[in-house]
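Chemist:
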Amino acid sequence: MRRWLHIILASCLLWPSAAWAQIAAPTDLSGLVLWVDAQDVNGNGVQPANGAAITTWVDKSGGGRNLTRQSGTITYQATGFDGVNPGLRFPLVARMTGPNVFGTAYRNQMTVFFVNANNTITNNFSVMLNGTNVGSNITDGRFGFHTPWSDNTVYFDAGACCGTTRLQGGNPNALTETALYTGLNDEPGNRQWLRIDGQAFRTDTTGHNANVSRGIHIGDLPDGHQYDGRFAEIVIYNRALTLAEVEQVECYLMAKWKPADAPAGCVQPLTVEKSSSVSDTGGGTLAVPGQLMRYAITVSKPASAGVGRNSIFVVDSLPPQVVFHNGDVDDGGPLTEAVGFTQVGSGLTFTYANDVRYSDAGAAPTSFAACTYTPSAGYDPNVRHICFNPKGALLGSPAEQSFTVFFRTLIQ
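Residue numbers (the numbering used here): 111 to 522.
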């Protein structure tokens with residue numbers, strides 16, 4: 111589900127509707143042993159081509175525990191999740207595996223987060239932490255998730271099956287809906303949790319010393335248990351996180367992949383500044399009638415998780431005493447269009463032809479699609495609103511990030 115960030119500027123009025131977490135990335139918490147992210151498949155900021163076959167999903171935890179393709183064809187889909195966010199498509203018989211991320215054969219504490227979406231309902235073991243073992247032996251059994259099974263029930267088996275080690279419940283989401291699953295196993299703390307979309311779902315007061323020697327496995331099982339869907343992100347810690355820490359990771363993931371349903375406690379405002387300066391073309395430095403002015407709008411995101419892909423929509427409503435200059439914004443400099451763009455670490459892309467539109471309406475438009483006016487060359491008094499929709503996501507970062515759009519007007 112897409113959620114727009116409506117930033118309406120008229121005398122610097124800001125309407126924020128973003129959601130993100132208190133952490134900037136899973137690495138902010140200790141004990142991270144696996145982190146794979148479809149927004150950074152290669153782990154270097156360079157994404158595969160849309161439709162490309164994927165053989166390696168790079169681990170960003172720092173441990174080098176990459177997932178590798180074992181069967182089938184796994185493809186990168188640039189807008190596979192909800193037509194907005196990227197994902198890895200796992201059709202039937204496709205699977206990836208990785209090493210034991212914990213370093214010991216048994217582990218009695220761990221916290222697992224993953225975001226996926228089904229294409230069709232199947233008898234699946236979507237995520238496993240003891241390889242392809244589906245056994246019920248408590249000393250060497252399954253550690254896995256059905257999300258959901260063909261009976262539309264979500265199951266979490268923490269080390270065996272199917273008594274006290276199991277948590278289960280009816281799937282609260284639509285079959286193909288993006289979903290965040292959290293599984294926590296804590297034998298010392300007598301906790302076992304299954305959470306969905308950042309909300310408590312099922313719990314008990316048991317924990318288990320689970321066999322994890324065979325490593326991680328996602329997708330199809332060779333015994334015929336098949337998965338048909340997509341994965342967005344997987345995050346695993348080698349300890350049982352506190353509730354506050356779990357909620358921080360969930361906020362981070364919900365903000366990226368399902369922002370419309372992010373818990374209210376995740377919401378923080380963007381900040382915006384609008385400034386103007388004289389664009390001196392020989393007319394002096396005073397803001398007087400007949401003088402060109404350079405307007406700049408800077409939108410900043412504090413240290414936090416990323417803001418949803420392609421969801422930033424900014425509108426600036428021009429005051430009546432100025433006329434928009436539909437011409438070269440920097441008079442023979444490197445730019446050639448009427449609007450310029452700069453950024454500090456935001457990870458956005460900006461193309462004038464696709465990301466800038468105009469409106470001649472009396473009221474500010476509330477969507478990019480509603481900006482439909484085509485301005486005339488030169489000074490156009492009919493332009494009353496300028497609309498901006500830079501693409502991509504404001505990335506998660508431990509430091510503030512920002513982008514700036516700028517243009518020129520003539521004082522009447």
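Just so it is clear, CB atoms sit at the ideal spot from N, CA and C, and this is done for glycine as well. Note that this is a predicted model, so its numbers are computed, not measured.
Strictly by DSSP, which residues pair up with Q278?
Modeler: Stepping through the sequence shown from its first residue, residue 278 is reached at position 168. Its beta-bridge partners are Y265.
Chemist: Assign V454 to buried or exposed, taking buried as 16 or more other Cβ atoms, counted over all protein chains shown, within 10 Å of its Cβ.
Modeler: Residue numbering aside, residue 454 sits at position 344 when the sequence shown is read from its first letter. By the 10 Å Cβ count, V454 comes out exposed.
Chemist: Mind listing, in chain order, the continuous alpha helix (DSSP H) runs of no fewer than 4 residues lying wholly within the segment 347-380?
Modeler: Runs of the alpha helix (DSSP H) inside the segment 347-380: 353-367.
Chemist: When you compare the segment 246-254 with the segment 183-203, are there three or more beta-carbon pairs, one atom per stretch, that lie closer than 8 Å?
Modeler: Touching, no, given that fewer than three Cβ pairs across the two stretches are closer than 8 Å.
Chemist: Counting beta carbon pairs with one atom in the segment 168-187 and one in the segment 311-320, are three or more of them shorter than 8 Å?
Modeler: Contact between the segment 311-320 and the segment 168-187 is absent, because fewer than three Cβ pairs lie under 8 Å.
Chemist: Once DSSP output is grouped into helix, strand and coil, what is the label at Q336?
Modeler: Along the sequence shown, read from residue 1 onward, the residue named residue 336 stands at position 226. Here Q336 sits in coil by DSSP.
Chemist: Any idea what DSSP makes of D296, helix, strand or coil?
Modeler: For the purposes of this step, residue 296 is identified with residue 186 of the sequence shown, where counting begins at 1. It is a strand residue.
Chemist: Could you give the DSSP three-state label for F524: helix, strand or coil?
Modeler: Given that the chain is displayed from residue 111 to residue 522, the structure contains no residue 524 and the question cannot be resolved.
Chemist: Check whether the segment 225-244 and the segment 282-299 are in contact - that is, three or more C-beta pairs closer than 8 Å.
Modeler: The segment 225-244 is in contact with the segment 282-299.
Chemist: Note down, in chain order, each residue of its chain lying with its Cβ closer than 6 Å to the Cβ of I248, except the 5 sequence neighbours on either side.
Modeler: For this step, residue 248 is matched to residue 138 along the sequence shown. Within the same chain, I248 has close Cβ partners A270.
Chemist: Helix, strand or coil: how does DSSP classify D465 here?
Modeler: Position 355 of the sequence shown holds residue 465. Three-state result, D465: helix.
Chemist: Let's see if you can read the secondary structure: which residues bound the beta strand (DSSP E) around V433?
Modeler: The residue you call residue 433 lines up with position 323 of the sequence shown. Start and end: 432-436.
Chemist: Closer than 6 Å by C-beta to T514: which residues in its own chain qualify, once you throw out the five before and the five after it? Chain order, please.
Modeler: Numbered from 1 along the sequence shown, position 404 holds the residue referred to as residue 514. Correct list, in chain order: A406, T408, T452.
Chemist: Leaving out the 5 sequence neighbours to the left and right, which residues in its chain are closer than 6 Å to Q278 when beta-carbon positions are compared?
Modeler: Against the sequence shown, residue 278 aligns to sequence position 168. Around Q278: T263, Y265.
Chemist: When the distance is taken between beta carbons, is V322 closer than 8 Å to L239?
Modeler: Residue 239 sits at position 129 when you count from the first residue of the sequence shown. Residue 322 sits at position 212 when you count from the first residue of the sequence shown. Closer than 8 Å, so yes.
Chemist: I need the boundaries of the beta strand (DSSP E) containing R404, first residue and last residue.
Modeler: As a working note, residue 404 is residue 294 in the sequence shown. Taken as a continuous stretch (DSSP letters only), the beta strand (DSSP E) holding R404 covers 402-411.
Chemist: Determine which residues share a DSSP beta bridge with D490 and list them.
Modeler: Taking the sequence shown and counting its residues from 1, the one referred to as residue 490 is at position 380. D490 pairs with F434.
Chemist: Kindly list the residues whose CB is nearer than 8 Å to the CB of D490, restricted to its own chain and excluding five residues on each side of it in sequence; keep chain order.
Modeler: The residue you call residue 490 lines up with position 380 of the sequence shown. Correct list, in chain order: V433, F434, N436.
Chemist: Whole-angstrom Cβ separation of R175 and N348, contact assumed at under 8 Å?
Modeler: As a working note, residue 175 is residue 65 in the sequence shown. As a working note, residue 348 is residue 238 in the sequence shown. R175 to N348, Cβ: 11 Å. No contact.
Chemist: If the criterion is Cβ atoms closer than 8 Å, does the pair R494 and A479 meet it?
Modeler: Along the sequence shown, read from residue 1 onward, the residue named residue 494 stands at position 384. Along the sequence shown, read from residue 1 onward, the residue named residue 479 stands at position 369. Their beta carbons are not under 8 Å apart, which means R494 does not touch A479 by this criterion.
Chemist: Classify A448 as helix, strand or coil using the three-state DSSP reduction.
Modeler: The residue given as residue 448 occupies position 338 in the sequence shown. The answer is coil: DSSP assigns A448 none of H, G, I, E or B.
Chemist: Under the rule that 16 or more other beta-carbon atoms within 10 Å means buried, what is L353, buried or exposed?
Modeler: As a working note, residue 353 is residue 243 in the sequence shown. Label assigned to L353: exposed.
Chemist: Would you kindly check if the distance between the Cβ of L144 and the Cβ of I93 is under 8 Å?
Modeler: Residue 93 lies beyond the range of the chain shown here (111 to 522); nothing can be said about it.
Chemist: Suppose you measure from the CA of G182 to the CA of L202; what does that come to, to the nearest Å?
Modeler: The sequence position of residue 182 within the sequence shown is 72, counting from 1. The sequence position of residue 202 within the sequence shown is 92, counting from 1. If you take the alpha carbons of G182 and L202, they lie about 8 Å apart.
Chemist: Nearest to I344 by CA position, among S427, D169, P500, is which residue?
Modeler: Here residue 344 is taken as the residue at index 234 of the sequence shown, counted from 1. The shortest C-alpha separation from I344 is found at D169.
Chemist: Are the Cβ atoms of G339 and F200 separated by less than 8 Å?
Modeler: As a working note, residue 339 is residue 229 in the sequence shown. As a working note, residue 200 is residue 90 in the sequence shown. Yes, Cβ-Cβ distance for G339 and F200 is below 8 Å.
Chemist: Are the C-beta of P485 and some C-beta of chain D separated by less than 8 Å?
Modeler: The displayed structure is made up of one protein chain only, and chain D is not part of it.
Chemist: Apply the 10 Å Cβ neighbour rule to Q511 and answer buried if 16 or more other Cβ atoms are within range, or exposed otherwise.
Modeler: Taking the first residue of the sequence shown as 1, we reach residue 511 at position 401. Classification for Q511: buried.
Chemist: CA-CA distance, W303 and E355?
Modeler: In the sequence shown, residue 303 corresponds to position 193, counting from 1. In the sequence shown, residue 355 corresponds to position 245, counting from 1. Answer to the nearest angstrom: the Cα atoms are 14 Å apart.
Chemist: Smallest Cα separation from K384: which of L142, G208, S477, R518?
Modeler: Position 274 of the sequence shown holds residue 384. When each option's Cα is compared against that of K384, the closest is R518.
Chemist: Hey, could you find the ends of the beta strand (DSSP E) F423 is sitting in?
Modeler: If you number the sequence shown from 1, residue 423 lands on position 313. Counting along the chain, the beta strand (DSSP E) containing F423 begins and ends at 422-427.
Chemist: Under a three-way DSSP split, which group does A131 fall into?
Modeler: Translated into positions along the sequence shown, residue 131 becomes position 21. Note that A131 scores 44 on pLDDT, short of 50, meaning its location in the model is unreliable; the coordinates nonetheless yield the value given after this. Three-state DSSP puts A131 in coil, outside helix and strand.
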